[in-house]
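Taking it in order: structure first as structure tokens, then the write-up.
Residue numbers (UniProt numbering), protein chains in the order written: chain A, 1 to 738; chain B, 1 to 738.
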């Protein structure tokens with residue numbers, strides 16, 4: 001009986017234990033169905049699966065399809081790419097939850113196909129002595145496509161100015177100033193080279209001197225490492241720009257639709273009168289190839305230009321004429337521009353695609369690139385679009401297979417009319433301003449995915465540095481076997497961080513070079529932009545040489561930019577890896593201490609530059625120093641809270657609270673009144689600056705201005721207060737929530 | 001053995017069952033500790049406990065202590081109230097988690113105690129024929145306190161203008177215009193009565209006509225239902241203003257510290273030059289009592305003023321003189337103002353107190369009132385402060401006892417320097433702009449808690465209407481037995497709602513009458529303001545008659561405004577009830593469909609007023625109609641989601657998502673560029689308006705202006721686009737999050 005009793009007790013004990021185990025683990029409590037989901041973190045095996053499935057041959061085929069025809073914004077070719085994106089993303093097998101188009105009626109500028117712009121040299125008797133090319137030379141059938149737009153300067157006014165030619169270097173204010181010291185510029189035509197100043201600025205800076213028209217070309221020194229011969233040295237023999245290649249572009253200084261500032265450009269939206277637009281050329285301007293520029297510049301009279309003004313031509317870039325030298329066949333002749341551009345309001349589309357988040361659908365990671373090109377745009381932007389389509393293919397398939405759904409929602413944006421001034425992305429942020437401000441975790445921009453095959457190039461908010469590093473360590477560098485993108489990158493661009501030691505250098509997004517601008521400057525969203533790029537020690541090219549020409553084709557890309565598409569693949573893997581981490585991490589991979597380091601770097605630059613002169617004006621930098629110190633201290637504290645918390649097992653509202661602090665950090669740096677003269681620049685840390693100092697942009701600009709302008713120290717003091725308050729405000733958001 | 005086996009099986013089964021039960025219910029899962037908390041809703045028994053503990057005698061004693069001495073901003077008396085608040089809130093037994101002071105250096109204006117402002121009648125030979133009172137008559141020791149500030153107009157410039165007196169009614173633009181048709185106003189002194197125009201505007205409107213100084217007084221018709229005798233009719237015999245009573249006030253049109261627009265007024269903050277301040281009187285202005293005004297006005301020459309201009313004096317308010325009538329002893333005499341106000345930057349404090357939230361500490365319900373008065377300020381503002389102290393006593397005790405901790409954090413603000421232009425609250429919102437924008441659920445303002453004993457008066461965002469109704473149904477109306485505040489209120493102020501039928505009328509917070517202004521207009525936070533007030537059918541008083549005089553004392557309040565303090569108690573119960581519901585509700589009690597109804601009301605007012613004239617200008621109202629319809633549809637949908645969800649049992653991130661949509665709704669209506677001429681007004685629905693139409697303020701003002709000004713229809717179109725985009729943007733935030 002004792003034995004039986006013991007067995008009974010034992011059985012009972014076993015049954016009790018089994019019961020407890022079943023009760024505890026086997027039966028889902030009312031909250032059990034979601035408790036596991038809300039605590040989930042990034043699944044590293046899923047990241048590996050993603051990396052292995054990204055396929056260079058798919059990217060190649062995407063690019064081939066996207067670049068069949070020229071697809072300049074709002075043209076039939078653009079509509080073909082809209083349809084392609086919609087077809088891919090709306091395919092029920094694609095795995096995206098939704099895809100649609102968003103249309104805006106935007107202000108664009110085109111040449112007249114029936115009356116092409118002309119640049120000629122005309123004799124005093126009005127005989128045409130020379131005519132610049134109207135089209136680029138045909139090397140492949142691509143250049144022969146009827147839809148290749150004539151090279152032109154979008155937003156240049158129409159007009160037919162005529163005058164003596166002068167060479168004005170890069171068209172910077174200092175260039176015209178120097179030139180004007182010896183030449184009366186009234187009524188002249190200035191020829192300038194790309195670089196040094198914004199496109200529109202070359203004309204804006206010229207107008208006050210009475211210049212009546214401007215030409216712009218790409219000097220072989222700046223793009224081709226000096227090479228000029230299309231018989232052997234340039235495309236189709238290499239990646240270099242052929243002599244007839246012309247960089248097209250948008251000649252404006254603000255971004256977004258210019259008729260509807262701060263308003264989404266819908267049909268009935270109020271539009272300002274076109275005469276009220278600022279930041280566009282007040283006088284006609286036209287780009288030409290260096291073949292023509294050579295003919296004009298090397299015939300100029302006057303004395304030799306300073307060395308810094310000279311490019312790659314075998315002549316002295318004379319200045320001082322004005323006009324051609326007496327020994328020239330063009331002697332006494334004028335240069336005449338006949339520009340027939342017209343402005344039109346046209347329908348431009350964004351194509352949007354969404355993968356809905358499972359746990360936090362109200363948190364967005366946005367990934368975007370523009371779709372429109374100037375001509376075929378194989379590199380700009382279709383390299384990026386090919387990568388985006390490959391990402392949506394691989395991610396969508398995981399969703400479709402049921403193996404994955406991101407914690408947060410992912411929004412893909414294929415922006416329209418970027419080339420005319422980042423219009424599609426800017427209108428999108430205007431239309432959905434509040435919603436996007438409140439919910440967007442980060443924006444990833446991949447425009448030109450590959451400039452060249454040497455190394456990664458990344459720019460973004462410092463808070464994103466860490467997740468970029470993590471991703472790049474997991475991706476193989478193209479063509480280097482087992483070397484990671486990270487290990488390769490650090491050899492090309494690095495710095496020593498006070499916290500991390502030697503690390504790759506991540507740039508800052510201080511300008512409006514691509515569609516990240518509205519996300520960074522208008523919305524204050526943590527953003528990044530990546531690409532693969534060249535070895536600066538091997539070339540001085542400003543950018544890849546076919547940029548905005550009719551040579552930026554699939555042929556060019558696949559032969560000279562990325563044969564095998566392995567750099568495209570590396571970018572897709574890197575960007576996708578970052579995307580998955582932003583979408584899936586339990587704690588957002590946004591590091592506020594790295595942000596603090598950047599603010600300290602800026603402060604450490606600013607103090608020696610400005611402090612003593614400000615003190616002499618009775619202006620203290622102490623509030624700024626205190627603000628940066630507050631930020632550092634709050635960031636350290638928040639990091640400590642994150643490290644010391646067991647967030648997977650605490651209330652999901654705690655990790656949400658921390659994630660909100662991280663997500664919204666950049667919003668604190670916005671001040672709609674900080675930069676009254678800069679359209680849609682609100683971020684006091686990353687706004688563009690003309691002072692050229694690696695520090696707080698508004699402070700640097702106000703200081704530079706105060707040194708030039710009597711009575712403007714008050715503006716420096718004002719901006720210091722704006723800046724200090726913003727940084728203190730950001731620190732408050734990182735501190736304990738109450 | 002079979003039996004034993006059966007017993008064994010039975011025991012085993014029991015043990016298994018017990019085990020399962022223990023396992024399921026007895027052992028807390030890792031998330032069990034928080035799962036219950038996150039699903040908790042308002043505890044109605046706790047609300048009842050709160051209501052029963054609010055005690056009128058505590059409120060009375062709070063008021064007695066707060067009103068011992070005058071406590072004008074930044075004076076020693078103000079510091080005493082700071083110390084009182086800190087003592088109460090920092091007391092370890094009080095139950096608040098934290099309390100502290102926040103200091104700002106703010107721009108104020110005071111009379112010179114050594115050189116009091118004077119108003120005299122002087123003969124052509126410069127003999128003083130009459131001198132207006134410099135102090136109010138003493139009826140109780142309170143008026144005899146040395147710290148009673150002389151009546152003055154804060155921000156009136158110093159100066160000693162002298163001239164013929166004219167009566168200018170309320171000092172509206174139309175008043176000066178009418179007067180100027182028959183009188184040359186250059187060099188005159190205008191006497192005006194309070195009402196009809198803002199304080200500063202009475203001088204701002206006068207200056208263009210060459211008026212050199214302005215007097216302002218309170219007419220017995222406007223405040224005392226015509227009664228004038230202090231021997232029997234006015235205080236201390238009734239609540240009416242004694243003949244020598246003078247309404248002090250701040251004579252400025254913008255709110256917040258005027259030297260630091262959009263910046264918190266800290267020591268090193270940039271300050272604009274005082275000369276750059278706008279919205280303050282350009283010429284001296286001084287308030288006087290009706291006793292003196294009577295002596296001056298009834299001696300005036302010229303013809304009788306129109307009926308609408310006349311007040312309660314037994315004379316014809318002559319206008320047309322200028323100057324006194326020939327039969328007057330003052331004939332040929334001038335009126336002279338000698339104003340010695342000085343402006344100073346002084347340290348003003350907010351006192352802040354916090355009860356930390358248990359589940360969502362990063363969500364704030366803010367409750368506030370100013371602390372500073374003009375003199376003893378028993379009603380304005382100490383009635384509200386007495387109520388706030390009673391709330392913190394009762395709520396703090398529940399925290400201290402461990403019976404309660406709010407789900408969300410509660411922040412109490414005792415604002416400084418409100419009387420000078422809502423300065424303390426405005427600086428607070430500037431300093432913590434981002435943090436407060438991101439996290440604040442609602443702001444409750446109780447300034448003057450009790451004007452009189454008849455009925456509740458409430459204003460606020462329509463989204464708060466429902467929770468105000470709920471709370472008022474649970475509170476007994478003062479002196480009416482079992483009648484609720486709600487049932488009493490609906491008899492005095494009601495409307496018929498399309499959704500709810502007859503309901504009490506909740507007003508809108510369209511101006512800057514108290515500290516809610518920065519929360520509504522600058523931050524876009526759902527806000528409300530409540531008080532107990534009078535029966536409009538029984539008195540025409542503009543406001544309670546001792547307002548801003550030396551008679552606003554404990555004696556006055558306890559005898560004539562709220563004997564027994566039962567209306568104070570009703571306000572404390574109502575405001576506290578709303579506060580608890582905002583802090584504790586699982587789903588925020590913010591109703592977006594009620595907001596939709598208000599937008600529809602505004603639209604239905606706007607269409608018949610504006611549509612046909614706008615159509616004639618080629619401007620369509622369709623985008624606005626579509627936006628309001630989108631908002632309605634999104635609101636209906638969100639309400640449906642809330643109703644159909646079992647939020648207590650779903651992931652806490654779902655209710656958080658919905659609550660974020662509700663909390664952030666008003667943020668979507670902000671546009672920092674919508675009202676370039678109105679300082680810190682960004683809310684496109686509730687901004688102040690001068691057009692006097694119950695509809696969208698910017699549209700109404702732009703339309704009114706377009707009818708007067710050639711070429712300004714574009715501004716109407718522009719504002720329509722701003723407004724439509726904001727409402728569409730708000731609708732996007734209410735729609736499905738992806």
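Beta carbons: idealized from backbone N, C-alpha and C, even for Gly.
Practice problem: Could you have a look at residue 162/A and say whether DSSP puts it in helix, strand or coil? | Solution: One-based indexing of the first chain puts residue 162/A at position 162. The answer is strand: DSSP assigns residue 162/A an E or B state.
Self-check item: Cβ neighbour criterion (16 or more within 10 Å) applied to residue 507/A
Solution: In the first chain, the residue the question calls residue 507/A occupies position 507. Exposed, because fewer than 16 other Cβ atoms sit within 10 Å of the Cβ of residue 507/A.
Quiz item: Hey, residue 192/B and residue 376/B are a contact pair by Cβ (cut 8 Å); roughly how many whole angstroms apart?
Solution: Here the question's residue 192/B lines up with position 192 in the second chain. Here the question's residue 376/B lines up with position 376 in the second chain. Residue 192/B to residue 376/B, Cβ: 27 Å. No contact.
Quiz item: Alpha carbon to alpha carbon, what distance is there between residue 620/B and residue 614/B?
Solution: Here the question's residue 614/B lines up with position 614 in the second chain. Here the question's residue 620/B lines up with position 620 in the second chain. Computed Cα separation, rounded: 7 Å.
Exercise. Have a look at 203/B, 601/B and 232/B and flag the residue whose alpha-carbon is nearest the alpha-carbon of residue 286/B.
Key: On the second chain, position 286 is the one that residue 286/B refers to. When only C-alpha atoms are compared, the closest one is 203/B.
Self-check item: Alpha-carbon spacing of residue 158/A relative to residue 340/A, whole angstroms
Solution: Against the first chain, residue 158/A aligns to sequence position 158. Against the first chain, residue 340/A aligns to sequence position 340. Between residue 158/A and residue 340/A, the C-alpha separation is close to 5 Å.
Practice problem: Could you pull the start and end residues of the beta strand (DSSP E) that residue 571/A belongs to? | Solution: As a working note, residue 571/A is residue 571 in the first chain. First-last for residue 571/A: 566–584, but that is the alpha helix (DSSP H), not the beta strand (DSSP E).
Self-check item: Segment contact, 8 Å Cβ cut-off, at least three pairs: the segment 425–435 of chain B with the segment 252–259 of chain B
Solution: yes
Exercise. Sort 273/A, 374/A and 489/A by Cα distance to residue 455/A and report the nearest one.
Key: Position 455 of the first chain, counted from the first residue, corresponds to residue 455/A. Residue 455/A has its Cα closest to that of 489/A, out of 273/A, 374/A and 489/A.
Practice problem: May I ask you to list the residues that DSSP assigns as paired with residue 369/A? | Solution: As a working mapping, residue 369/A is identified with position 369 in the first chain. Paired residues: 414/A.
Practice problem: Would you check if the distance between the CB atom of residue 717/B and the CB atom of residue 270/A is smaller than 9 Å? | Solution: Against the second chain, residue 717/B aligns to sequence position 717. Against the first chain, residue 270/A aligns to sequence position 270. Going by C-beta atoms, residue 717/B is nearer than 9 Å to residue 270/A.
Self-check item: the segment 435–450 of chain B touching the segment 513–531 of chain B, judged by at least three CB pairs closer than 8 Å
Solution: yes
Quiz item: Which term fits residue 247/B, buried or exposed, when burial requires 16 or more other beta carbons within 10 angstroms of its beta carbon?
Solution: By one-based count along the second chain, residue 247/B stands at place 247. That one is buried.
Quiz item: Where does residue 267/A sit, in a helix, a strand or coil, going by DSSP?
Solution: Position 267 of the first chain, counted from the first residue, corresponds to residue 267/A. Coil, per DSSP.
Practice problem: Using beta-carbon positions only, say whether residue 440/B and residue 355/B come within less than 9 Å of one another. | Solution: Indexing the second chain from 1 puts residue 440/B at position 440. Indexing the second chain from 1 puts residue 355/B at position 355. Against a cut-off of 9 Å, the Cβ pair of residue 355/B and residue 440/B comes out as no contact.
Self-check item: Ordered list of beta strand (DSSP E) runs contained in the segment 402–461 of chain A, each at least 3 residues
Solution: 408–415, 440–445 and 455–460
Quiz item: Going along the chain, which residues of its own chain have a beta-carbon closer than 6 Å to the beta-carbon of residue 709/A, five neighbours each way excluded?
Solution: By one-based count along the first chain, residue 709/A stands at place 709. Excluding sequence neighbours, residue 709/A sits near nothing in its chain.
Practice problem: List the DSSP bridge partners of residue 754/A. | Solution: Not covered by the structure: residue 754/A. The range shown for chain A is 1 to 738.
Quiz item: Beta-carbon of residue 30/A versus every beta-carbon of chain B: anything under 9 Å?
Solution: The count along the first chain starts at 1 and reaches residue 30/A at position 30. Annotation note: pLDDT 46 at residue 30/A (below 50); position unreliable, no value reported.
Exercise. Under 6 Å Cβ to Cβ from residue 315/A, same chain only, skipping five residues before and after it: list those, please.
Key: As a working mapping, residue 315/A is identified with position 315 in the first chain. Cβ neighbours of residue 315/A beyond the five flanking positions: 298.
Quiz item: What does a CB cutoff of less than 7 Å around residue 690/A pick up in its chain, not counting 5 residues either side in sequence?
Solution: Counting from 1 along the first chain, the entry for residue 690/A is found at position 690. For residue 690/A, where only same-chain residues beyond five positions count, the Cβ hits under 7 Å are 701.
Practice problem: Reducing DSSP to helix, strand and coil, say where residue 26/A ends up. | Solution: The residue you call residue 26/A lines up with position 26 of the first chain. The predicted position of residue 26/A is uncertain, since its pLDDT is 49 and thus under 50; no value can be drawn from it.
Quiz item: Of all the options 154/A, 390/A and 673/A, which has the alpha carbon lying nearest to the alpha carbon of residue 50/A?
Solution: Numbered from its first residue, the first chain carries residue 50/A at position 50. Checked all of 154/A, 390/A and 673/A; the closest Cα to residue 50/A is 390/A.
Quiz item: Taking Cβ positions, are residue 200/A and residue 117/A nearer each other than 9 Å?
Solution: On the first chain, residue 200/A is found 200 positions in, with the first residue counted as 1. On the first chain, residue 117/A is found 117 positions in, with the first residue counted as 1. Not a contact, by the Cβ cut-off of 9 Å.
Self-check item: Chain-order list of residues whose beta-carbon lies under 6 Å from that of residue 591/A (same chain, five-residue window excluded)
Solution: Sequence index remark: in the first chain, residue 591/A carries index 591 (1-based). Answer for residue 591/A: 463 and 466, listed in chain order.
Quiz item: What residue range is occupied by the uninterrupted beta strand (DSSP E) comprising residue 98/B?
Solution: In the second chain, residue 98/B corresponds to position 98, counting from 1. Looking at the DSSP string, the run of the beta strand (DSSP E) that includes residue 98/B is 98–110.
Quiz item: Could you give the distance in angstroms between the alpha-carbon of residue 28/B and the alpha-carbon of residue 639/B?
Solution: On the second chain, position 28 is the one that residue 28/B refers to. On the second chain, position 639 is the one that residue 639/B refers to. Because the pLDDT of residue 28/B is 44, which lies under 50, any placement of that residue in the model is unreliable, and the question is left without a value.
Exercise. Pull up the CB-CB distance for residue 739/A and residue 96/A, whole angstroms please, since I reckon it's below 8 Å.
Key: This structure does not reach residue 739/A, given that chain A is present from 1 up to 738, and the question cannot be answered.
Quiz item: Looking only at C-alpha atoms, which of 378/A, 577/A, 523/A and 459/A sits nearest to residue 435/A?
Solution: On the first chain, position 435 is the one that residue 435/A refers to. Among 378/A, 577/A, 523/A and 459/A, the Cα nearest to that of residue 435/A is on 523/A.
Quiz item: Would you say residue 745/B faces chain A, with C-beta separation under 9 Å as the test?
Solution: This structure gives no information on residue 745/B, because the portion of chain B shown stretches from 1 to 738.
Quiz item: For residue 258/B, which three-state DSSP category applies?
Solution: Taking the first residue of the second chain as position 1, residue 258/B is located at position 258. In the structure shown, residue 258/B sits in coil (DSSP, three-state: anything other than H, G, I, E or B).
Quiz item: Beta-carbon of residue 628/A versus every beta-carbon of chain B: anything under 9 Å?
Solution: Here residue 628/A refers to the residue found at position 628 when the first chain is read from its first residue. Chain B, which has no Cβ nearer than 9 Å to the Cβ of residue 628/A, makes this no.
Practice problem: Determine, using beta carbons only, whether residue 369/A and residue 106/A come nearer to each other than 9 Å. | Solution: By 1-based counting over the first chain, the position of residue 369/A is 369. By 1-based counting over the first chain, the position of residue 106/A is 106. No, they are not a contact pair.
Self-check item: Per-residue contacts from residue 433/B into chain A (C-beta, under 7 Å)
Solution: Residue 433/B sits at position 433 when you count from the first residue of the second chain. Within chain A, the residues near residue 433/B are 729.
Quiz item: From the beta carbon of residue 38/B, is the nearest beta carbon of chain A less than 9 Å away?
Solution: For this step, residue 38/B is matched to residue 38 along the second chain. Output row for residue 38/B: interface = yes.
Exercise. Identify, in the order they occur along the chain, each residue of the same chain with its Cβ nearer than 8 Å to the Cβ of residue 311/B, setting aside the five sequence neighbours on each side.
Key: Taking the first residue of the second chain as position 1, residue 311/B is located at position 311. Closer than 8 Å at Cβ, skipping near neighbours: 193, 219, 220, 221, 222 and 317.
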